[in-house]
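Engineer:
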Amino acid sequence: RLRVLSGIQPTADSFHLGNYLGAVRQWVRLQDTHETFYCVVDLHAITVEQDPKVLRQRTRVSAAQLLALGVDPDRSTLFVQSQVPEHAQLSWVLECQTGFGEASRMTQFKDKAAKQGTDRASVGLFTYPVLQAADILLYQAHAVPVGEDQRQHLELSRNLAQRFNNRFGRTFVVPEAHIVKDTAKIYDLQDPTSKMSKSASAVNGLVELLDEPKRSAKKIRSAVTDTGREVVYDPEHKAGVANLLSIYSALTGRAISELETAYEGKGYGDLKKDLAEVLVEFVTPVQERVKSYLDDQAELDKVLARGAERAREVASATLAKVYDRVGFLPG
Ligand code: TYM
10 RLRVLSGIQP TADSFHLGNY LGAVRQWVRL QDTHETFYCV VDLHAITVEQ DPKVLRQRTR
70 VSAAQLLALG VDPDRSTLFV QSQVPEHAQL SWVLECQTGF GEASRMTQFK DKAAKQGTDR
130 ASVGLFTYPV LQAADILLYQ AHAVPVGEDQ RQHLELSRNL AQRFNNRFGR TFVVPEAHIV
190 KDTAKIYDLQ DPTSKMSKSA SAVNGLVELL DEPKRSAKKI RSAVTDTGRE VVYDPEHKAG
250 VANLLSIYSA LTGRAISELE TAYEGKGYGD LKKDLAEVLV EFVTPVQERV KSYLDDQAEL
310 DKVLARGAER AREVASATLA KVYDRVGFLP G
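In the UniProt record's numbering, the protein residues as written are 10 to 340.
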């Protein structure tokens, strides 16, 4: 079985619809065909300022959401990044293989640093994508399920794997991004030409899985569309409607063409009303499951400890090989 690894940051009180449809849904599916490793990347989270108490809570809530959405700890290795020290260790070695200019070209870094002011942005924010490469390469992952916004980081991971292999001999599997086109980029409901994002979207543009379902339903009903009437999938001219159709199709498994037919002669209002209901039906049981995982924190922590232990077995073997290859003395 080929390996898969992916990660998600515990930097919000809830995952949003983009996180789920772009990434986590694929994580769940890949469990059927691959050996899967999924981590809550708390080391990445501290590249921007975090409150320690809030971070700890969000890390558990993230793990609980992954479980509630279908990550099965008996079939996947589910763990928290900081509990596997090899991530930080491999990251250092890879940082020494990464060009300063190469890292400077990462667009997510440039955007975030510009927002914070370059003087205030941390060095950790700069090396963030190298740590991400370490996450992936430690597990010899073949495929990395992510949304479109991670494509450039994945390209860096591939380059680092190839560079290391060329320089030191075959050590890493060169990973591939697993990006599912239909849901690779879910858009902001209020600004349907920008991606839905926890940091950039306005409150009403962002659908959070753990938000009050009624509030999310209202956000869907007040999504920005255009002045037309026909429900057809036309991302270029009807970005808002296209986004709603993508979400609708992904949540129900109905093809977009089937939805277009179903809404012939009806208006945007009908589409929004029905999608709002679909969403409520989706999030309600998820929220119940999240709550029950969080109610038994000792058990949740145990699941994560078991995951970390399993992850370490794989990660430590890769790291030992890397340390040997670069010329460190045996430990
Ligand atoms: P993060 O935590 O920002 O997002 C988690 C996943 O959600 C996807 N995503 C979206 N997909 C579609 N539409 C959207 N609007 C949308 N917004 C977010 C992201 O692409 C991502 O897959 N750097 C990563 C975390 C990471 C990682 C890794 C991923 C760290 N190490 C190793 C893969 C492998 C990030 O910030 O994701």
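No residue lacks a Cβ here, since even glycine has one placed at the ideal position from N, Cα and C. These numbers were taken from a predicted model, which means no experiment stands behind them.
Considering only heavy atoms of ligand 1, does any lie closer than 6 Å to the CB of residue 189?
Structural biologist: Within the sequence shown, the letter at position 180 stands for residue 189. Incorrect: residue 189 has no Cβ contact closer than 6 Å to ligand 1.
Engineer: Provide the residue span of the beta strand (DSSP E) that contains residue 17, from first to last.
Structural biologist: Along the sequence shown, one-based indexing puts residue 17 at 8. That run of the beta strand (DSSP E) goes 12-17.
Engineer: Could you check whether the Cβ of residue 342 sits closer than 6 Å to any heavy atom belonging to ligand 1?
Structural biologist: Residue 342 lies beyond the range of the chain shown here (10 to 340); nothing can be said about it.
Engineer: I need the straight-line Cα distance from residue 148 to residue 324, nearest angstrom please.
Structural biologist: Residue mapping note: residue 148 aligns to position 139 of the sequence shown, counting from 1. Residue mapping note: residue 324 aligns to position 315 of the sequence shown, counting from 1. Using only the alpha carbons, I get a separation of about 6 Å.
Engineer: Classify residue 173 as helix, strand or coil using the three-state DSSP reduction.
Structural biologist: The residue labelled residue 173 in the question sits at position 164 within the sequence shown. Here residue 173 sits in helix by DSSP.
Engineer: Distance, Cα to Cα, residue 335 vs residue 177?
Structural biologist: For this step, residue 335 is matched to residue 326 along the sequence shown. For this step, residue 177 is matched to residue 168 along the sequence shown. Going by the C-alpha atoms only, they are around 7 Å apart.
Engineer: Beta carbon of residue 91, beta carbon of residue 52: below 7 Å?
Structural biologist: Counting from one through the sequence shown, the residue named residue 91 turns up at place 82. Counting from one through the sequence shown, the residue named residue 52 turns up at place 43. In this structure, residue 52 lies closer than 7 Å to residue 91 by Cβ.
Engineer: Rounding to the nearest angstrom, what Cα-Cα distance links residue 121 and residue 150 in this structure?
Structural biologist: As a working note, residue 121 is residue 112 in the sequence shown. As a working note, residue 150 is residue 141 in the sequence shown. In a straight line, the C-alpha of residue 121 is about 27 Å away from that of residue 150.
Engineer: Around the Cβ of residue 41, are there at least 16 other Cβ atoms within 10 angstroms (buried) or fewer (exposed)?
Structural biologist: Position 32 of the sequence shown, counted from the start, is the residue given in the question as residue 41. Exposed is the call here.
Engineer: With a cut-off of 8 Å on the beta carbons, I'd call residue 56 and residue 134 a contact; round off their distance for me.
Structural biologist: The sequence position of residue 56 within the sequence shown is 47, counting from 1. The sequence position of residue 134 within the sequence shown is 125, counting from 1. That belief holds up - the Cβ atoms of residue 56 and residue 134 are roughly 4 Å apart, short of 8 Å.
Engineer: Using the three-state DSSP reduction, which class does residue 250 fall into: helix, strand or coil?
Structural biologist: Locating residue 250 in the sequence shown gives position 241, where the first residue counts as 1. In this structure, residue 250 counts as helix in the three-state DSSP scheme.
Engineer: State whether the stretch 194-204 contacts the stretch 223-239, with contact taken as three or more CB pairs (one from each stretch) at a distance under 8 Å.
Structural biologist: Touching, yes.
Engineer: What are the start and end residues of the alpha helix (DSSP H) that includes residue 267?
Structural biologist: Taking the first residue of the sequence shown as position 1, residue 267 is located at position 258. Element bounds for residue 267: 265-271.
Engineer: Going by DSSP, what residue range makes up the beta strand (DSSP E) through residue 88?
Structural biologist: On the sequence shown, residue 88 is found 79 positions in, with the first residue counted as 1. 85-89 is the extent of the beta strand (DSSP E) around residue 88.
Engineer: How would you write the range of the alpha helix (DSSP H) that residue 135 sits in, first residue to last?
Structural biologist: Position 126 of the sequence shown, counting from 1, holds the residue named residue 135. Its alpha helix (DSSP H) spans residues 132-147.
Engineer: I need the boundaries of the alpha helix (DSSP H) containing residue 44, first residue and last residue.
Structural biologist: On the sequence shown, position 35 is the one that residue 44 refers to. From DSSP, residue 44 is part of no alpha helix (DSSP H) but of the beta strand (DSSP E) over 44-49.
Engineer: Identify which residue in 259, 11, 236, 268 has its Cα closest to the Cα of residue 242.
Structural biologist: Indexing the sequence shown from 1 puts residue 242 at position 233. Checked all of 259, 11, 236, 268; the closest Cα to residue 242 is 268.
Engineer: Cβ of residue 195 less than 7 Å from any chain B Cβ?
Structural biologist: In the displayed structure, chain B is absent; only one protein chain is listed.
Engineer: For residue 63, count neighbouring C-beta atoms within 10 Å of its own C-beta (all shown protein chains included) and say buried if the count is 16 or more, exposed if not.
Structural biologist: Numbered from its first residue, the sequence shown carries residue 63 at position 54. When all chains shown are included, residue 63 counts as exposed.
Engineer: Please classify residue 246 as buried or exposed, where buried requires at least 16 other C-beta atoms within 10 Å of its C-beta.
Structural biologist: Walking along the sequence shown from the start, residue 246 turns up at place 237. Residue 246 comes out exposed.
Engineer: Which stretch, first to last residue, makes up the beta strand (DSSP E) that contains residue 185?
Structural biologist: Numbered from 1 along the sequence shown, position 176 holds the residue referred to as residue 185. Segment 185-187, the beta strand (DSSP E) holding residue 185.
Engineer: Candidates 18, 16, 29: which alpha carbon is nearest residue 192's?
Structural biologist: Locating residue 192 in the sequence shown gives position 183, where the first residue counts as 1. Comparing Cα positions, the closest option is 29.
Engineer: Taking its Cβ as the centre, do 16 or more other Cβ atoms sit within 10 Å of residue 306, making it buried, or is it exposed?
Structural biologist: Locating residue 306 in the sequence shown gives position 297, where the first residue counts as 1. Its Cβ having fewer than 16 others within 10 Å, residue 306 is exposed.
Engineer: When the Cβ atoms of the stretch 151-165 are set against those of the stretch 127-143, are three or more pairs found closer than 8 Å?
Structural biologist: They touch, by the three-pair rule.
Engineer: Identify whether residue 61 lies in helix, strand or coil by the three-state DSSP scheme.
Structural biologist: Reading the sequence shown from its first residue, position 52 is the one you call residue 61. Three-state DSSP puts residue 61 in a helix.
Engineer: Which term fits residue 171, buried or exposed, when burial requires 16 or more other beta carbons within 10 angstroms of its beta carbon?
Structural biologist: Along the sequence shown, read from residue 1 onward, the residue named residue 171 stands at position 162. When all chains shown are included, residue 171 counts as exposed.
Engineer: Any heavy atom of ligand 1 closer than 6 Å to the Cβ of residue 57?
Structural biologist: Against the sequence shown, residue 57 aligns to sequence position 48. Result no, Cβ not under 6 Å from ligand 1.
Engineer: Any heavy atom of ligand 1 inside 6 Å of the beta-carbon of residue 256?
Structural biologist: Residue mapping note: residue 256 aligns to position 247 of the sequence shown, counting from 1. Checking the Cβ of residue 256 against ligand 1 gives no.
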